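Numbering (the working numbering), first residue to last: 3 to 401.
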């Protein structure tokens, strides 16, 4: 008989970081990258990295964040959503409305400051509306601009509107048990409908003109763009780090196992008594909210947002990024989004030299999408697990 003193002590539960070492490595790499860019930026005086490139890197971090959201909903839960870039655009429009209102208000107040009779609040509102919507032949604020005067309320809209749209759409789709390619088509149709609506001048969001001048932050007109771009770069890095940790935490344990099981065999999970629709709806809504936050950080760095940003092709590109990086791996989504985003900026921005074949000259601004398509096919054929799977093989060989 075994004495109590001889019994093997119960092993202590391992910490979250111990069970997810990739989280620690990712945060360390992100911190080193952020500090390195900061030290070499124009904001610190070194000027090795230009302000425009800092903005490009900041936008890339935002794209990495929405790529992680896409990886969670597709790579882990098995829902191929072709509409998540719509949530990204909604977040951008939500913050862009406040940016345009506050900036235009400052300009109008300055122009009317010399008036003998101070303008009434109604006259001030009409002047701001005329400045913003004159380009589409309107002079009044649409109802959707009701909260544009408040930064706090518009930040709430960044979270609430994508979340509510995803909640309603997901509830209708999942309760009807729409799955597979049919669900993908529905999400694409939702995105197309939103884009077509935004293209209309009477949509209340300036139609094809979109919202512009978003890089001019109200109240910081005297602050150099180098410092503003660095602030957004840091905010994007923090958001990416928090998003990575949050999703890694959500996907751990029993909940993560159920999500993966839904991806692999939804019918069996339902047979075991799990309410599959609730799990899918939670993941779909949460990733939509994160996509909206990523968009709210992205477009002030881009400076402009228009309906073309939420077209269905954007969500297809997003799926390609995740596939190239390796779906089912959070770091794979980051690798895919960062690689494709930076290469796209290089090829389409004139950085890649043209190739003269004698009978034809390859201009990469015209051929970049063809190259991206070939890359997607090559990764699918030869590296089904994406680029991230190569890291897995290296880790297994070294261990």
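Yeah, the Cβ is synthetic: ideal placement off N, Cα and C, and Gly gets one too. Since we're looking at a predicted model, the values are computed, not measured.
What is the DSSP secondary structure of residue 358, reduced to helix, strand or coil?
-> DSSP places residue 358 within a strand segment (E or B) once states are collapsed to three.
Beta-carbon separation of residue 144 and residue 98 under 8 Å? Result no, Cβ atoms of residue 144 and residue 98 do not sit closer than 8 Å.
Exercise for the section: Return helix, strand or coil for residue 367, following the three-state DSSP convention. Expected result: The three-state secondary structure of residue 367, taken from DSSP, is helix.
Are the beta-carbon atoms of residue 86 and residue 68 separated by less than 8 Å? At the C-beta level, residue 86 and residue 68 come within 8 Å of one another.
- [ ] For residue 213, name the three-state secondary structure that DSSP assigns.
- [x] Strand.
For residue 147 and residue 245, what's the separation of their Cα atoms in angstroms?
When rounded, the distance between both Cα atoms is 29 Å.
Which of the three DSSP states, helix, strand or coil, is assigned to residue 295?
The answer is helix: DSSP assigns residue 295 an H, G or I state.
- Task: Please work out which residues of its chain come closer than 8 Å, Cβ to Cβ, to residue 202, disregarding the five sequence neighbours upstream and downstream, and give them in chain order.
- Result: Closer than 8 Å at Cβ, skipping near neighbours: 209.
I'd like the span of the alpha helix (DSSP H) that includes residue 202, first residue to last. Per DSSP, residue 202 belongs to no alpha helix (DSSP H) and is neither H nor E.
*asked:* Quick check on residue 219: does DSSP put it in helix, strand or coil?
replied: Annotated three-state conformation of residue 219 is coil, per DSSP.
Exercise. Closest to residue 24 by CA distance: which of 334, 384, 365, 372 is it?
Worked result: Closest option to residue 24, Cα to Cα, is 334.
**Proximity below 8 Å, CB of residue 94 to CB of residue 298** = The beta carbons of residue 94 and residue 298 sit closer together than 8 Å.
Could you check where the alpha helix (DSSP H) with residue 314 kicks off and where it finishes? Secondary structure note for residue 314: its alpha helix (DSSP H) is the uninterrupted segment 314-327.
Residue burial classification, residue 314 (beta-carbon count within 10 angstroms, cutoff 16): Buried is the call here.
Worksheet entry | Cβ distance (whole Å) where residue 232 is taken to contact residue 50 below 8 Å | Their Cβ separation, rounded to whole angstroms, is 13 Å, which puts residue 232 and residue 50 out of contact at 8 Å.
Review point. Given that a residue counts as buried once 16 or more other Cβ atoms are within 10 Å of its Cβ, and exposed if not, what is residue 422?
Key: In the structure as shown, the chain begins at 3 and stops at 401. Residue 422 is therefore absent and cannot be evaluated.
TODO: Would you list the residues sitting across from residue 43 in a DSSP beta bridge?
DONE: 51, per the DSSP bridge assignment.
*Would you report the Cα separation of residue 332 and residue 76, rounded to the nearest angstrom?*
Taking the straight line joining both Cα atoms gives about 11 Å.
**Q.** Pick from 171, 181, 48 that is closest to residue 193, judged by C-alpha positions
**A.** Taking the Cα of residue 193 as reference, the smallest distance to any Cα among 171, 181, 48 is reached at 171.
Work out the CA separation of residue 268 and residue 293 for me, nearest whole Å.
Cα-Cα distance, rounded: 25 Å.
Problem - Residues that residue 307 bridges to, as DSSP identifies them - result: DSSP lists 213 as partners of residue 307.
**Prompt:** Excluding the five sequence neighbours on either side, which residues of its own chain have a C-beta within less than 6 Å of the C-beta of residue 74, listed in chain order?
**Reply:** Exclusion of the five residues before and after residue 74 leaves 249, 289 as the residues of its chain whose Cβ lies within less than 6 Å of its Cβ.
*asked:* Less than 8 Å between the C-beta atoms of residue 134 and residue 212, yes or no?
replied: The answer is no: Cβ separation not under 8 Å.
Practice item. Find the nearest neighbour of residue 392 within the set 302, 337, 220, 236, judged by alpha-carbon distance. Key: Sorting 302, 337, 220, 236 by C-alpha distance to the C-alpha of residue 392 places 337 at the top.
**Report entry** Rounded distance between the beta-carbons of residue 330 and residue 78, thought under 8 Å
**Finding:** Beta-carbon to beta-carbon, residue 78 and residue 330 are separated by about 6 Å, close enough to satisfy the 8 Å threshold.
Label residue 383 either buried or exposed according to how many other C-beta atoms from any shown protein chain fall within 10 Å of its C-beta, with 16 as the threshold for buried. Within a 10 Å sphere around the beta-carbon of residue 383 sit fewer than 16 other beta-carbons, which makes this residue exposed.
**Message:** Please classify residue 362 as buried or exposed, where buried requires at least 16 neighbouring CB atoms within 10 angstroms.
**Reply:** Exposed, because fewer than 16 other Cβ atoms sit within 10 Å of the Cβ of residue 362.
* Coil, strand or helix - residue 125 by DSSP -> Three-state DSSP puts residue 125 in a helix.
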